Amino acid sequence: MQDLKGDTSRRLLDWYDRHHRELPWRTNPAEGVKGMRTDPYRVWLSEVMLQQTTVQAVKAYFDRFTRTWPTVRDLAAAPVEEVMSAWAGLGYYARARNLKKCAEAVASGHGGQFPDTEEALRALPGIGAYTAAAIAAIAFNRKATVVDGNVERVVTRLFAIDTPLPAAKPEIRARTGDMVPDDRPGDFAQAMMDLGATICTPRRPACVLCPLKEECRALKEGDPELYPVKAARKDKPVRVGAAFVAVGPGQQVFLRRRPESGLLGGMTEVPGTGWTARLDGETGVCAAPFAADWQSAGTITHVFTHFELRLSIYRADMKICHEADDGWWQPVEKLDRAALPTVMKKAIAAAIPDAMRMKRKGQP
DNA sequence: CATCCGTGGGA
DNA sequence: TTCCCAAGGAT
Numbered sequence: 001m002q003d004l005k006g007d008t009s010r011r012l013l014d015w016y017d018r019h020h021r022e023l024p025w026r027t028n029p030a031e032g033v034k035g036m037r038t039d040p041y042r043v044w045l046s047e048v049m050l051q052q053t054t055v056q057a058v059k060a061y062f063d064r065f066t067r068t069w070p071t072v073r074d075l076a077a078a079p080v081e082e083v084m085s086a087w088a089g090l091g092y093y094a095r096a097r098n099l100k101k102c103a104e105a106v107a108s109g110h111g112g113q114f115p116d117t118e119e120a121l122r123a124l125p126g127i128g129a130y131t132a133a134a135i136a137a138i139a140f141n142r143k144a145t146v147v148d149g150n151v152e153r154v155v156t157r158l159f160a161i162d163t164p165l166p167a168a169k170p171e172i173r174a175r176t177g178d179m180v181p182d183d184r185p186g187d188f189a190q191a192m193m194d195l196g197a198t199i200c201t202p203r204r205p206a207c208v209l210c211p212l213k214e215e216c217r218a219l220k221e222g223d224p225e226l227y228p229v230k231a232a233r234k235d236k237p238v239r240v241g242a243a244f245v246a247v248g249p250g251q252q253v254f255l256r257r258r259p260e261s262g263l264l265g266g267m268t269e270v271p272g273t274g275w276t277a278r279l280d281g282e283t284g285v286c287a288a289p290f291a292a293d294w295q296s297a298g299t300i301t302h303v304f305t306h307f308e309l310r311l312s313i314y315r316a317d318m319k320i321c322h323e324a325d326d327g328w329w330q331p332v333e334k335l336d337r338a339a340l341p342t343v344m345k346k347a348i349a350a351a352i353p354d355a356m357r358m359k360r361k362g363q364p
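Quick look at the structure:
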């Protein structure tokens, strides 16, 4: 008798052994721990960074984080401001806030060792169903069902599941669970993700190279790109606002910290108006944080996940640096130590073109 | 279940 | 240019 499901998993693992990607978090500098090829700390850190974020974007951040904080205890002991600053530019900043909380929980509540079960991992801040399963499988070789965007794409194509996402998730999970092998669940999870990232891509999948092409129902139908089926997404509204870049003597910029929750929560900003659908009476120079000779420095556009922002930038050269309890003055040459999200770097760059030569990719 | 939450790159 | 999206989580 032929075990088709086991056969599929074996074929995938054979492919993985030959074609897996070399990634920084798949190596363990402290090799030698029996049965643990991968450091749970590095697996966890990479998984959180990789949430909705490309491998390309993560690499430089992962290198810097692991260099600065080699262990979860180091990260737990780090000042939160330094962690937010190191995360700046990577996006989805709630991840950074939860990263710090999770490190503290592991350090204080788990003796500095990550728990090795899905349930215990799932209880930690910033670790959801996917990440808990991924850490359990990859770091601890637990037989967990790991379902991410890659797996959703691979599985909906493999079985020609035409139920639209997210309604198809339970069926995808069930199908994936059936495929998980007893012996190498961690490699299987990574193999599925590598396949989705390099062969079973959203557009123009390289089916001719796919180890599962024989049993892929979507390929048999003729157009794998039709999967997964997704609900149409809504269009992005436009919001507008103004931002004020105050430049003090010796090239200092007035900054303040955003509220802990919500958009760009806990990150650093220049003062500004609220961001609203339309210009209201408050938008413009009259909304400046303090009286000064505010000069227009143009407009920047920044696209967030669910809206597009058009920000009018104003600059004023101050003779003195006012003391303010809601913010501080930051020397321009030390702006890289502030937790500035990309939109704020754009705003400052518009007002002070030579202040921050916009850093290129991979230079956090 | 729907919404909110960033960013940069590729087709 | 425009659109899509990349190893999701919290509420």
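Position 269 (the first sequence) corresponds to 269 in full-length UniProt numbering; numbering is contiguous. All C-beta atoms in this analysis are idealised placements derived from N, C-alpha and C, irrespective of residue type, glycine included. What you are looking at is a predicted structure, and each value in this text was computed from that prediction instead of being measured.
How big is the Cα-Cα spacing for residue i and residue j?
i, j, result
"alanine 351", "alanine 243", "10 Å"
"threonine 54", "leucine 45", "14 Å"
"threonine 156", "glycine 196", "11 Å"
"alanine 288", "tyrosine 61", "35 Å"
"alanine 324", "glycine 274", "20 Å"
"glutamate 260", "alanine 96", "12 Å"
"tryptophan 15", "proline 211", "6 Å"
"aspartate 63", "arginine 337", "17 Å"
"methionine 193", "alanine 160", "18 Å"
"alanine 174", "leucine 311", "46 Å"
"leucine 13", "arginine 256", "51 Å"
"threonine 71", "arginine 204", "40 Å"
"histidine 20", "lysine 346", "37 Å"
"lysine 334", "glutamine 252", "9 Å"
"tyrosine 314", "cysteine 286", "11 Å"
"glutamine 182", "lysine 143", "Per the sequence shown, the amino acid found at residue 182 is aspartate instead of glutamine. Cα to Cα, aspartate 182 sits roughly 7 Å from lysine 143."
"glutamate 118", "threonine 8", "25 Å"
So, for residue i: in the same chain, excluding its five sequence neighbours on each side, which residues have a beta-carbon less than 8 Å away from its beta-carbon?
i, result
"alanine 139", "Met36, Thr38, Asp39, Pro40, Val43, Trp44, Phe114, Asp116, Gly186"
"cysteine 216", "Arg157, Leu158, Cys207, Cys210, Pro224"
"proline 249", "Met318, Lys319, Ile320, Cys321"
Pull up the CB-CB distance for residue i and residue j, whole angstroms please, since I reckon it's below 8 Å.
i, j, result
"threonine 145", "valine 180", "6 Å"
"glycine 112", "arginine 73", "5 Å"
"glycine 272", "glycine 241", "6 Å"
"glycine 265", "alanine 78", "Not quite, the Cβ-Cβ distance comes to about 18 Å (not below 8 Å), so this is no contact."
Can you tell me whether residue i is helix, strand or coil according to DSSP?
i, result
"glycine 126", "coil"
"alanine 137", "helix"
"glycine 35", "In this predicted model, glycine 35 has a pLDDT of only 44, less than 50, meaning its place in the structure is not dependable enough to derive any value."
"alanine 96", "helix"
"glutamine 56", "helix"
"phenylalanine 254", "strand"
"aspartate 317", "strand"
"proline 331", "strand"
"leucine 23", "coil"
"alanine 206", "coil"
"alanine 107", "helix"
Please work out which residues of its chain come closer than 6 Å, Cβ to Cβ, to residue i, disregarding the five sequence neighbours upstream and downstream, and give them in chain order.
i, result
"valine 229", "Asp162, Pro164"
"leucine 340", "Ala88, Thr268"
To which residues of the same chain is residue i closer than 7 Å at the C-beta, ignoring the five residues directly before and after it?
i, result
"phenylalanine 290", "His322"
"valine 154", "Met192, Leu195, Gly196, Cys200"
"alanine 292", "Ala246, Ala316, Met318"
"isoleucine 127", "Cys102, Leu121"
"glutamate 171", "Ile161, Thr163"
So what does residue i bridge to, in DSSP terms?
i, result
"serine 312", "Ala242, Thr299"
"glycine 272", "Ala243"
"glycine 248", "Gln252"
"lysine 101", "Answer is none; lysine 101 lacks a bridge partner."
"leucine 263", "Note: leucine 263 sits in no beta bridge, so no partner."
"lysine 230", "Leu165"
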